Amino acid sequence: MPSTPTNRLVVGLDYGTTFTAIRLPPPLHDINDAKRGIEDGHLELSGDDLKHLFDPCIEQTLALINGQIQTIKRTGSQVKYVFLVGGFGMSKYMFDRVRAFTLAQGITTIHPPHPWSAIARGAVAKGLETDIDLVFLRKCRRHYGTPCSQLFDDEEHDEQDAYRDQYDGRKMARGQMNWLINKGDALLSRQPLHAHIDVHTEFWLDEAKIFTALLTACDDDVPPKRFADDAVYKVVSLTADVSTVPESMFQFCKPGPGRKPFLRLDFDINISLTSSLRFWVTVDGQEYGSVEARYE
1 MPSTPTNRLV VGLDYGTTFT AIRLPPPLHD INDAKRGIED GHLELSGDDL KHLFDPCIEQ
61 TLALINGQIQ TIKRTGSQVK YVFLVGGFGM SKYMFDRVRA FTLAQGITTI HPPHPWSAIA
121 RGAVAKGLET DIDLVFLRKC RRHYGTPCSQ LFDDEEHDEQ DAYRDQYDGR KMARGQMNWL
181 INKGDALLSR QPLHAHIDVH TEFWLDEAKI FTALLTACDD DVPPKRFADD AVYKVVSLTA
241 DVSTVPESMF QFCKPGPGRK PFLRLDFDIN ISLTSSLRFW VTVDGQEYGS VEARYE
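The opening residue of the sequence shown carries number 1 in full-length UniProt numbering; numbering runs sequentially from there.
Structure (structure tokens):
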């Protein structure tokens with residue numbers, strides 16, 4: 001597209017006393033009105049005039065950006081970058097306003113090459129996408145895991161983590177990390193399952209068949225072994241309802257004299273990390289029940 005003064009209006013939005021002359025279309029092209037800044041059909045606008053014209057649009061844009069940032073924060077994630085694209089995104093004034101707004105929240109604003117064509121190129125890419133994923137492989141940015149209990153080992157575990165299992169009386173170590181996905185692992189976007197939590201749990205005969213697990217994360221290169229480590233943080237609390245699992249899939253256990261009988265169930269909480277986190281329960285490969293996710 002040929003460059004015209006009108007095309008440059010958004011791009012040239014700047015500070016100071018710079019003036020932009022805009023040619024008015026017929027029948028206004030012969031007007032001379034000094035009070036209104038029109039001379040020989042050209043309307044002269046100062047940098048302040050342009051800011052006054054575009055500030056309402058910029059305020060709306062900042063409000064939309066803030067809304068997206070707050071939505072992401074409510075999921076427990078953090079925004080690191082804002083990419084400014086599109087024709088309006090070519091404005092230095094716009095970039096400076098957005099950068100000042102995001103910098104106050106610890107977010108970096110990036111102005112990629114050729115921002116004016118990003119929307120058109122994105123539309124073309126979407127049209128060519130059909131049923132395949134353009135982003136088919138990405139690297140996991142952190143470790144994901146879950147705290148669990150392990151059979152106590154004097155050489156592996158701290159005594160402060162020790163306890164006696166209420167069902168069979170074995171000595172266990174609580175809060176031991178089981179890392180499911182490691183930082184740097186390749187995640188295929190079309191892969192239905194990226195990890196699963198192996199659950200081996202017990203229920204009293206009259207107890208509701210509800211199991212709660214935590215999905216945690218760590219940004220360090222080498223993740224710690226214990227959930228109590230400060231580098232480990234909660235991502236989401238998972239509540240699995242396995243009450244619809246047939247009774248025949250539960251193992252009836254009678255531990256011995258003086259101990260109550262109980263039921264044992266082995267199942268998987270499956271995790272898919274695509275554009276969003278998805279969780280579901282399977283027992284022997286068959287999907288049952290439901291998983292409620294509550295983000296921390």
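Just so it is clear, CB atoms sit at the ideal spot from N, CA and C, and this is done for glycine as well.
Note that the coordinates shown come from a computational prediction; the quantities given were computed from them, not determined experimentally.
Inset, instruction - Using alpha carbons as the reference points, say which of I107, G285, N32 and F279 lies closest to residue 308. - result: Outside the shown range of the chain, which is 1 to 296, sits residue 308, and nothing can be said about it.
Inset, instruction - Quick one: measure Cβ to Cβ for G86 and A118, integer angstroms, because I've assumed they're closer than 8 Å. - result: What you label residue 86 is simply residue 86 of the sequence shown in a count that begins at 1. What you label residue 118 is simply residue 118 of the sequence shown in a count that begins at 1. Contact flag correct, Cβ pair sits at about 6 Å.
Inset, instruction - Indicate the three-state DSSP secondary structure (helix, strand or coil) for S117 in the structure shown. - result: For this step, residue 117 is matched to residue 117 along the sequence shown. In the three-state reduction of the DSSP assignment, S117 falls in the helix class, which pools H, G and I.
Legend entry - Assigned secondary structure, L84 (DSSP; H/G/I helix, E/B strand, else coil): Numbered from 1 along the sequence shown, position 84 holds the residue referred to as residue 84. Looking at L84 - three-state DSSP - the assignment turns out to be coil, as it is neither helix nor strand.
Legend entry - the stretch 146-156 touching the stretch 214-232, judged by at least three CB pairs closer than 8 Å: The stretch 146-156 is in contact with the stretch 214-232.
Legend entry - Status (buried if at least 16 other CB within 10 Å, exposed otherwise) for V281: By one-based count along the sequence shown, residue 281 stands at place 281. With 16 or more other Cβ atoms within 10 Å, it is buried.
Legend entry - Beta carbon of residue 373 nearer than 8 Å to that of V98: The requested residue 373 is not part of the displayed model; the chain covers only 1 to 296.
Legend entry - Rounded straight-line distance, which links the Cα of K80 to that of G184: In the sequence shown, counting from the first residue as 1, residue 184 sits at position 184. In the sequence shown, counting from the first residue as 1, residue 80 sits at position 80. G184 and K80: Cα-Cα distance of roughly 18 Å.
Inset, instruction - Kindly list the residues whose CB is nearer than 8 Å to the CB of M172, restricted to its own chain and excluding five residues on each side of it in sequence; keep chain order. - result: Translated into the one-based positions of the sequence shown, residue 172 becomes position 172. Closer than 8 Å at Cβ, skipping near neighbours: S149, Q150, L151, F152, A162, Y163, R164 and D165.
Inset, instruction - State the beta-bridge partners of V218 as determined by DSSP. - result: By 1-based counting over the sequence shown, the position of residue 218 is 218. Note that residue 218 corresponds to Cys in the displayed sequence, not to Val. DSSP lists H143 as partners of C218.
Legend entry - Cβ-Cβ distance between N270 and H196 below 8 Å: Walking along the sequence shown from the start, residue 270 turns up at place 270. Walking along the sequence shown from the start, residue 196 turns up at place 196. Against a cut-off of 8 Å, the Cβ pair of H196 and N270 comes out as a contact.
Legend entry - Collapsed DSSP secondary structure at R170 in the structure displayed: Residue numbering aside, residue 170 sits at position 170 when the sequence shown is read from its first letter. R170 sits in coil when the DSSP states are folded into three classes, being neither helix nor strand.
Inset, instruction - Name the residue from D268, A228 and L103 whose alpha carbon lies nearest to the alpha carbon of E287. - result: The residue labelled residue 287 in the question sits at position 287 within the sequence shown. Of D268, A228 and L103, the residue nearest in Cα terms is D268.
Inset, instruction - Please name the residue or residues paired with residue 317 in a DSSP beta bridge. - result: This structure does not reach residue 317, given that the chain is present from 1 up to 296, and the question cannot be answered.
Inset, instruction - Indicate the three-state DSSP secondary structure (helix, strand or coil) for H52 in the structure shown. - result: Taking the first residue of the sequence shown as position 1, residue 52 is located at position 52. Residue state, collapsed to three classes: helix.
Inset, instruction - In the DSSP assignment, find the beta strand (DSSP E) that holds F203 and state where it starts and stops. - result: Translated into positions along the sequence shown, residue 203 becomes position 203. From DSSP, the beta strand (DSSP E) with F203 extends over A195 to W204.
Legend entry - Residues of its chain near E292, where Cβ-Cβ distance is below 6 Å and the 5 sequence neighbours each way are ignored: Counted from its first residue, the sequence shown places residue 292 at position 292. For E292, where only same-chain residues beyond five positions count, the Cβ hits under 6 Å are T239.
Legend entry - C-alpha gap between Q60 and L28, whole angstroms: Reading the sequence shown from its first residue, position 60 is the one you call residue 60. Reading the sequence shown from its first residue, position 28 is the one you call residue 28. Taking the Cα positions, Q60 is about 31 Å away from L28.
Inset, instruction - Measure how close the beta-carbons of S237 and T212 come, nearest whole angstrom, since I'm counting them as under 8 Å. - result: The residue labelled residue 237 in the question sits at position 237 within the sequence shown. The residue labelled residue 212 in the question sits at position 212 within the sequence shown. Contact holds; Cβ gap of about 7 Å.
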